[in-house]
Structure formats: C-alpha cells, structure tokens
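Participant: Residue numbers (the working numbering): 91 to 362. The C-beta atom is built at its ideal place from N, Cα and C for all residues, glycine as well. Handing you this structure, nothing more for now.
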C-alpha cells in the first residue's frame, strides 16, 4: 500500500470488524483501518495469508513508532468459515465478549473462484447453496449480530461489498451476480431500519480489481483488454482504491451518507 493516506481522527480507537480480511481488498482494508489507529479484527479461513497481513501491519507500526508517528495496533485474526453459520454466530459472540461493541463492520468476504463462475445450466442445488452462503448469508447475520451493540453505543457504520457483475451484466455467474445485487437491496432496506439509531449502512461496488489472486487466475492479457475497453480509466484498479472508499464510509466524514452505493470501477458502469 502507498504510504500516503488520509487520516480520519474519528476512527482512532474504534473497533472495526472485517470479514475476508486476509487477502485482496480485505487485506488492504485491514491495513488502512489499522493506520487510522483503529483496533481491527478480521475473519478469514486463509490462515497463512492472514498471518502475512498481520505481519505487514506490525511492520508499518514499527515504522510509525520509529518516526514517532501514531500508535498502530496489531490486527486480531479469528479463523472462521463464514459459510458455517453456527461458527460464524459463535465467533461474533466471542468478539463482542472480548472486545465490546463493534463501531464499524465491513462485510467483504466472498467466493469468486470456479465455484462462483458457473452458468445457469451448470448450477446445481449444492452450488446454489454454496454461493448464497459464501456471498450473501453471512452479510445479513454478521450485521444482525453487531447492530444491537451499535445501537447501545449510539452509532455505527456498516459497509457491504457488492460488485458490478450484475450491472455490466457479466454472463456466466448468475448466482454470484444475484447475491451481489441482493446486497444492494439489503443495504437500502436495513439503512432505513437502523437510521434512527444513528447507524449508517452503505455498499461499495468494485469493478475489476487487480488483486494478487485476480492477476494470477483471471487477468489475462485478453481479459485486461476487455476491462480497459469498459473502463474510462486506463489503468489497473488495485485493492487500495476500494479500501480508501471503505475507510471513508466508516469515518465521521461520511456521517450524512447512508443507504448509498459507491462504485469503484474506473468508470465501467458509470452510474449507481
């Protein structure tokens, strides 16, 4: 991550939970919230990648300490399969017990591999259930777990990660696209439910983001050319492009923003 980043004082000492925080957009978001002085807690099943993410933040903390910069707390990692609902709910309860109310929740985790890239004729009931559980169900139930604490604290911010796949639209992944479209509907409805409690809920729709996994598995020269034909910006979008928007939405600088969707796609879709 580039060292230049905005600082939002309202995020200092806040508890931030991020699902799918070990790699890609999630890891960039873990690091950027940590650099705000937040206590970041993240969930994932990629244990090795999670350790690297924690190590990266610890290294940044030592750099900051050496130049007498802000105190940066090491992120806390919980290994959790978000498709296992009882385990997810137990992990959320443990976080509340050990760390108190969550101030910012980032519902980032998603399955984007071969299991999500199935056309209609190849979607089995098992594949349907897997995609719903990996890309949608946990968003609802993590929010459900942490909203009561946000109400008690008098404020909170939830950021749900969608995708432009359903807006392009991108053929070949109908269930994944349906989940991501549903996240926008969930965001809008829940923002109405909890607005009176000063809880804001917004969504972010990334486009083609050049994560390490995407560069390895998806971003072939042919696909990159297709992306650039769609985008107005003729460069790769990177995880930090999305993380910066997420952190802004978590801060008090976005205190008047709720029920909205921010598109980070380099101009591919061009409208919300």
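#1: State the Cα-Cα distance for the pair residue 293 and residue 149, rounded to the nearest angstrom.
#2: Here's the rule: buried if 16 or more other CB atoms are within 10 angstroms of the residue's CB, otherwise exposed. What is residue 121?
#3: Does the stretch 322-336 come close enough to the stretch 256-264 to have 3 or more Cβ pairs within less than 8 Å?
#4: Could you check where the alpha helix (DSSP H) with residue 116 kicks off and where it finishes?
#5: Helix, strand or coil, according to DSSP, for residue 293 in the structure here?
#6: Rounded to the nearest angstrom, what separates residue 214 and residue 283 at their Cα positions?
#7: How is the alpha helix (DSSP H) around residue 273 delimited, first residue to last?
#8: What is the rounded straight-line gap between the Cα of residue 201 and the Cα of residue 101?
#9: Kindly identify the DSSP beta-bridge partner or partners of residue 287.
#10: Let me check understanding here. Comparing Cα to Cα, which of 105, 287, 155 lies closest to residue 129?
#11: To the nearest angstrom, how far is the alpha carbon of residue 227 from that of residue 192?
#12: Could you check how far apart the C-beta atoms of residue 301 and residue 113 are, in whole angstroms? I think they sit under 8 Å.
#13: Identify which residue in 119, 311, 299, 187 has its Cα closest to the Cα of residue 254.
#14: What's the gap between the Cα of residue 167 and the Cα of residue 117?
#15: Please report how far the alpha carbon of residue 91 lies from the alpha carbon of residue 244, in whole angstroms.
#16: So residue 168 is in the beta strand (DSSP E); what residue range does that whole segment cover?
#17: Are the CB atoms of residue 206 and residue 223 within a distance shorter than 8 Å?
#18: So, using beta-carbon positions, are residue 247 and residue 280 closer together than 8 Å?
#19: Is residue 232 a contact residue of the ligand COA, with contact defined as CB to any heavy atom under 7 Å?
#20: Can you tell me the Cβ-Cβ gap for residue 171 and residue 177, rounded? I've got them flagged as a contact below 8 Å.
#21: Below 8 Å between beta carbons: does that hold for residue 109 and residue 199?
#22: Between the alpha carbons of residue 316 and residue 358, how many angstroms are there, rounded?
#23: So the alpha helix (DSSP H) residue 234 belongs to, where does it begin and stop?
#24: Does the Cβ of residue 161 have 16 or more other Cβ atoms within 10 Å, making it buried, or fewer, making it exposed?
Facilitator: Checking against the coordinates, here is how it stands:
#1: As a working mapping, residue 293 is identified with position 203 in the chain shown. As a working mapping, residue 149 is identified with position 59 in the chain shown. Each residue's alpha carbon lies about 30 Å from the other.
#2: Looking up residue 121 in the chain shown gives position 31. Buried: at least 16 other Cβ atoms inside 10 Å.
#3: Too few Cβ pairs lie closer than 8 Å, so no.
#4: What you label residue 116 is simply residue 26 of the chain shown in a count that begins at 1. Unbroken alpha helix (DSSP H) run through residue 116: 114-124.
#5: Taking the first residue of the chain shown as position 1, residue 293 is located at position 203. Residue state, collapsed to three classes: strand.
#6: The residue labelled residue 214 in the question sits at position 124 within the chain shown. The residue labelled residue 283 in the question sits at position 193 within the chain shown. Using only the alpha carbons, I get a separation of about 34 Å.
#7: Position 183 of the chain shown, counted from the first residue, corresponds to residue 273. Counted as a single uninterrupted DSSP element, the alpha helix (DSSP H) harbouring residue 273 occupies residues 264-284.
#8: As a first step, residue 201 must be located in the chain shown, where it is residue number 111. As a first step, residue 101 must be located in the chain shown, where it is residue number 11. Going from the Cα of residue 201 to the Cα of residue 101 covers about 29 Å.
#9: If you number the chain shown from 1, residue 287 lands on position 197. Paired residue(s): none; residue 287 is not in a bridge.
#10: Here residue 129 refers to the residue found at position 39 of the chain shown. Cα-wise, what sits closest to residue 129 is 105.
#11: Position 137 of the chain shown, counted from the first residue, corresponds to residue 227. Position 102 of the chain shown, counted from the first residue, corresponds to residue 192. Between residue 227 and residue 192, the C-alpha separation is close to 19 Å.
#12: Translated into positions along the chain shown, residue 301 becomes position 211. Translated into positions along the chain shown, residue 113 becomes position 23. That pair is a contact at about 7 Å.
#13: Locating residue 254 in the chain shown gives position 164, where the first residue counts as 1. Nearest option by C-alpha distance: 299.
#14: Locating residue 167 in the chain shown gives position 77, where the first residue counts as 1. Locating residue 117 in the chain shown gives position 27, where the first residue counts as 1. Their Cα atoms are separated by approximately 11 Å.
#15: Translated into the one-based positions of the chain shown, residue 91 becomes position 1. Translated into the one-based positions of the chain shown, residue 244 becomes position 154. Confidence in residue 91 is poor, its pLDDT being 48 and thus under 50, which makes the residue's placement unreliable; the coordinate value appears in the next sentence. So the two alpha carbons sit approximately 33 Å from each other.
#16: Here residue 168 refers to the residue found at position 78 when the chain shown is read from its first residue. 166-169 is the span of the beta strand (DSSP E), which, as asked, contains residue 168.
#17: Position 133 of the chain shown, counted from the start, is the residue given in the question as residue 223. Position 116 of the chain shown, counted from the start, is the residue given in the question as residue 206. The answer is no: Cβ separation not under 8 Å.
#18: As a working note, residue 247 is residue 157 in the chain shown. As a working note, residue 280 is residue 190 in the chain shown. Not in contact: residue 247 and residue 280 (Cβ atoms no closer than 8 Å).
#19: Among the components of this structure there are no ligands whatsoever, and the ligand COA is therefore not found.
#20: Residue mapping note: residue 171 aligns to position 81 of the chain shown, counting from 1. Residue mapping note: residue 177 aligns to position 87 of the chain shown, counting from 1. The C-beta distance from residue 171 to residue 177 rounds to 6 Å, short enough to fall under 8 Å.
#21: Residue 109 sits at position 19 when you count from the first residue of the chain shown. Residue 199 sits at position 109 when you count from the first residue of the chain shown. A contact, by the Cβ cut-off of 8 Å.
#22: What you label residue 316 is simply residue 226 of the chain shown in a count that begins at 1. What you label residue 358 is simply residue 268 of the chain shown in a count that begins at 1. Residue 316 and residue 358: Cα-Cα distance of roughly 11 Å.
#23: Within the chain shown, the letter at position 144 stands for residue 234. Its alpha helix (DSSP H) spans residues 228-243.
#24: Looking up residue 161 in the chain shown gives position 71. Residue 161 is exposed by the Cβ-count criterion.
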